[in-house]
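Report on the following structure.
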Amino acid sequence: GAVVSQHPSRVICKSGTSVKIECRSLDFQATTMFWYRQFPKQSLMLMATSNEGSKATYEQGVEKDKFLINHASLTLSTLTVTSAHPEDSSFYICSATSLAGVREQYFGPGTRLTVT
Amino acid sequence: DAKTTQPPSMDCAEGRAANLPCNHSTISGNEYVYWYRQIHSQGPQYIIHGLKNNETNEMASLIITEDRKSSTLILPHATLRDTAVYYCIVRAFNRDDKIIFGKGTRLHILP
């Protein structure tokens, strides 16, 4: 199946700093990518939908100025957590849907963010 | 997306078939049933999907009732590596549709 990668897999940052997470579709082109957040023992919560070349659509309650999403190409979307706080510590997961062919969403392996 | 209802947890003995139920009584005619699973600290993994016919692939079988209001995911010979949270989702067959995850079923495979 199609492969989605995330980088980094783990990151620790200090409170007040910003951190960028990359999501790449490795062997297919994706017009749409999604970003999720998952707290311990909870389900995935959709944060935003990212379309190549346009502004992201954020879910209700997600601060767009805090979670900056850029989808500059058909294979790369980035999520930047700005002015991170300990409560932003979470597991961030992206997914992508293929431009053609099969229609499943392919998920990345996730990025564990810890804000100290 | 239509709402789904799944039991919060289930146990299954290793080597036995694991049958995971899902209720989706408000499913629309153009919505498919999808199953994903998430192994601890990993991203979700696609398992299978179907519209109204039963489906089988190398991972699992999907049985959908004739009225489409419920379905069952079957892992024919469960192994310890199948321990995960299993999510049943209904969605239209559109590659841009976002997936809203419910709480899923935490499946424990017992040695």
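Sequence order for the protein chains is G and Z.
For the first sequence, our numbering begins at 1 and goes up steadily by one.
For the second sequence, our numbering begins at 1001 and goes up steadily by one.
Glycine is no exception: its CB is placed at the ideal position from the N, C-alpha and C atoms.
For residue i, name the three-state secondary structure that DSSP assigns.
| i | result |
| --- | --- |
| Leu-1080/Z | helix |
| Pro-86/G | helix |
| His-1040/Z | coil |
| His-1024/Z | coil |
| Phe-91/G | strand |
| Lys-1103/Z | coil |
| Asn-1019/Z | strand |
| Arg-1068/Z | coil |
| Thr-17/G | coil |
| Thr-1004/Z | coil |
| Gln-6/G | strand |
| Val-1085/Z | strand |
| Leu-1051/Z | coil |
| Val-62/G | coil |
Between residue i and chain G, is there a C-beta pair that is closer than 7 Å?
| i | result |
| --- | --- |
| Gln-1042/Z | yes |
| Ile-1063/Z | no |
| Ser-1046/Z | Just to set this straight, residue 1046/Z is Tyr in the shown sequence, not Ser. Yes, Tyr-1046/Z counts as interfacial toward chain G. |
| Lys-1069/Z | no |
| Ile-1099/Z | yes |
| Lys-1052/Z | no |
Between which residues of its own chain and residue i is the CB-CB distance below 8 Å, once the five residues before and five after are set aside?
| i | result |
| --- | --- |
| Ala-1017/Z | Ile-1074, Leu-1075, Pro-1076, His-1077, Ala-1078 |
| Ile-1027/Z | Ala-1002, Val-1033, Arg-1068, Lys-1069, Val-1090 |
| Met-1010/Z | Ala-1018, Leu-1020, Thr-1105, Arg-1106, Leu-1107, His-1108 |
Just to confirm my understanding: we take residue i, look at its own chain, exclude 5 residues before and 5 after, and list those with CB closer than 7 Å. What are they?
| i | result |
| --- | --- |
| His-85/G | Ser-15, Val-115 |
| Ile-93/G | Tyr-36, Gln-38, Leu-44, Phe-107, Gly-108, Gly-110 |
| Ile-1099/Z | Ile-1089, Arg-1091 |
| Asn-1019/Z | Thr-1072, Ile-1074 |
Quick one: what's got a C-beta closer than 6 Å to residue i's C-beta in the same chain, skipping five residues either side?
| i | result |
| --- | --- |
| Leu-26/G | Val-3, Ser-5 |
| Pro-1021/Z | Thr-1072 |
| Tyr-58/G | Ala-48, Lys-64 |
| Ser-77/G | Cys-23, Met-33, Ser-50, His-71 |
| Gly-1102/Z | Thr-1004 |
| Pro-1044/Z | Tyr-1036, Gln-1038 |
Going by C-alpha to C-alpha distance, which of the options sits closest to residue i?
| i | options | result |
| --- | --- | --- |
| Met-47/G | Leu-68/G, Leu-74/G, Ile-12/G | Leu-68/G |
| Ser-54/G | Asp-65/G, Ala-96/G, Gln-42/G, Thr-31/G | Thr-31/G |
| Arg-24/G | Leu-113/G, Glu-52/G, Lys-66/G | Glu-52/G |
| Ser-1070/Z | Asn-1023/Z, Ala-1084/Z, Cys-1012/Z | Asn-1023/Z |
| Val-62/G | Thr-49/G, Gln-29/G, Val-11/G | Thr-49/G |
| Thr-1004/Z | Glu-1055/Z, Arg-1037/Z, Tyr-1087/Z, Ala-1060/Z | Tyr-1087/Z |
| Val-11/G | Thr-97/G, Ser-89/G, Ala-96/G, Gln-105/G | Ser-89/G |
Span of the beta strand (DSSP E) holding residue i?
| i | result |
| --- | --- |
| Glu-38/G | First, the residue type needs correcting, since residue 38/G is Gln and not Glu in the sequence shown. Run containing Gln-38/G: 30–38, per the beta strand (DSSP E) assignment. |
| Asn-70/G | 67–73 |
| Ala-1060/Z | Premise fails: Ala-1060/Z is in no beta strand (DSSP E) and is neither H nor E. |
| Asn-51/G | 45–51 |
Does any CB atom of chain Z fall closer than 7 Å to the CB of residue i?
| i | result |
| --- | --- |
| Leu-26/G | no |
| Leu-76/G | no |
| Glu-87/G | no |
| Gln-105/G | yes |
| Gly-110/G | yes |
| Phe-34/G | yes |
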